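Shown next, in structure tokens, is the structure this report addresses.
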Amino acid sequence: MILTGFILTPGIDILSIPYALSSGGWLSLIILVLIAATACFTALLLRQCMDKDPDTITSYIDIVGHAFGHKDEKDVPHFDLKLGKLTIDGRHAFVVLGGVMILPTMWLNDLGILSFVSAGGVLSSIIVTVCAFCVGATKGVGFHGKRRLFNLNGIPTTLSLYTFCYGAHHVLLLSFVICTITYLTMAVLGYLIYGQNVQSQITLNLPIEQVSSKVAIYTILAGPIAKYALTVMSIATAIERQLSASYKDCRSASILIRMSLLVSTVVLATVFPSFQSVTSLIGAFLKVVVSFLLPCVSYLNISEVYRNWGYELIGILAIMLLA
């Protein structure tokens, strides 16, 4: 459970942590700790929602249904897309190659096995942090970047990037602590090395002639591949629960669903040129909704704590306002 919680984060977002610190200054580290505490609190709210009826509440869908009532499903319009002749080259070739590399992990549906497979994502975060330190200790790079204590104009950027780091609930307090320490370490190292010159992703600052830089770049590419199966597992599980009883325990149906999710992602990323920008925007929006707004709103409805004013209600409303 601890390994699974840590695997969910940190990930690619660890590359932007130094830039977030550079935008807000040293004092913005306080914001990172506060956001970590807020995410931990909303995770506890989710647990309390599930404790109301442990036998039936096992997912986000169950929590929302219990809080707001189950509504009839509506017909969702669909459309057909003709791909025509598709030339796979350049960036598209890397998308398809990544999908092929991820494919074997989609055949696994055991959370314990997936955790060990996805441990590569954990190692990638640690390796990148170590490589950043090695680059900083190398002659010619050093820790000479200009730094500042606080920058009010950069706080919106800092707040957004810090919040994005805690988009997946770690469930366990220990997972929050480990991830926060990792983020703090990477932020401080990156800011000490490059100061105000740090780029939106620290890998853009790394000198390509350094061996440690090459290790960091290739390692971070392996992270999403290792963690993809675990990331989409909740989506696949939700789809499987909607199947008829005869197919719910069918392994072939489970594998087919997971492969369909992977194929659809590859096709969309290949066909639509703005797929990365759109998914980044939607992902950032949904991360805030699922990790901060949804737990607060569901807990208010299930526990009916809104009927009595107190510190708990004020804290929840403050989190909702921040989100």
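First residue of the sequence shown? That's 924 in the numbering used here, and the numbers climb one at a time after it. Positions of the beta carbon are idealized from the N, C-alpha and C atoms, including for glycine. Note that the structure is predicted; figures quoted are calculated from it, not measured.
Whole-angstrom distance between residue j and residue i, CA atom to CA atom
i, j, result
"residue 1221", "residue 1153", "25 Å"
"residue 1096", "residue 1150", "21 Å"
"residue 1075", "residue 1160", "43 Å"
"residue 1132", "residue 1193", "31 Å"
"residue 1171", "residue 1181", "14 Å"
"residue 974", "residue 1210", "23 Å"
"residue 1003", "residue 1108", "For residue 1003, the predicted structure reports a pLDDT of 36, less than 50, and the residue's modelled location is therefore unreliable. The matter cannot be settled from this model."
"residue 1134", "residue 1114", "21 Å"
"residue 1226", "residue 969", "11 Å"
"residue 1139", "residue 1224", "46 Å"
"residue 1148", "residue 976", "35 Å"
"residue 1178", "residue 1142", "28 Å"
"residue 1056", "residue 1112", "6 Å"
"residue 1089", "residue 1024", "27 Å"
"residue 1098", "residue 1106", "12 Å"
"residue 965", "residue 958", "11 Å"
"residue 1213", "residue 1201", "18 Å"
"residue 1129", "residue 1069", "17 Å"
"residue 1006", "residue 954", "Note that residue 1006 has pLDDT 40, beneath the 50 cutoff, so the model's placement of it is unreliable and no number is given."
"residue 1020", "residue 1028", "14 Å"
"residue 1173", "residue 1022", "24 Å"
"residue 1103", "residue 1060", "23 Å"
"residue 992", "residue 1176", "29 Å"
Nearest neighbour of residue i, chosen from the options [CA to CA]
i, options, result
"residue 967", "1244, 1245 and 1217", "1217"
"residue 1184", "1162, 1197 and 976", "1162"
"residue 1245", "1026, 1058 and 1085", "1085"
"residue 1145", "958, 965, 1071 and 1048", "1048"
"residue 1071", "1215, 1060, 1112 and 947", "947"
"residue 1078", "949, 937, 1219 and 1215", "949"
"residue 1205", "1168, 1098, 1087 and 1176", "1087"
"residue 1165", "985, 1023, 1069 and 972", "985"
"residue 956", "1110, 1186 and 1069", "1110"
"residue 987", "1228, 1219 and 1028", "1219"
"residue 1188", "1155, 1104 and 1167", "1155"
"residue 941", "1073, 1175, 1081 and 1046", "1081"
"residue 1073", "938, 945 and 1046", "945"
Pair within 9 Å by beta-carbon distance, residue i and residue j
i, j, result
"residue 951", "residue 943", "yes"
"residue 1136", "residue 1058", "yes"
"residue 963", "residue 990", "no"
"residue 1207", "residue 1123", "no"
"residue 1126", "residue 1190", "no"
Examine the Cβ distances between the stretch 977–994 and the stretch 1230–1239 and report whether three or more of them are shorter than 8 Å. The stretch 1230–1239 and the stretch 977–994 do not touch, with fewer than three beta-carbon pairs separated by less than 8 Å.
Stretch-stretch touch, CB-based, cutoff 8 Å, three pairs: the stretch 1239–1246 with the stretch 1118–1127: These segments do not touch.
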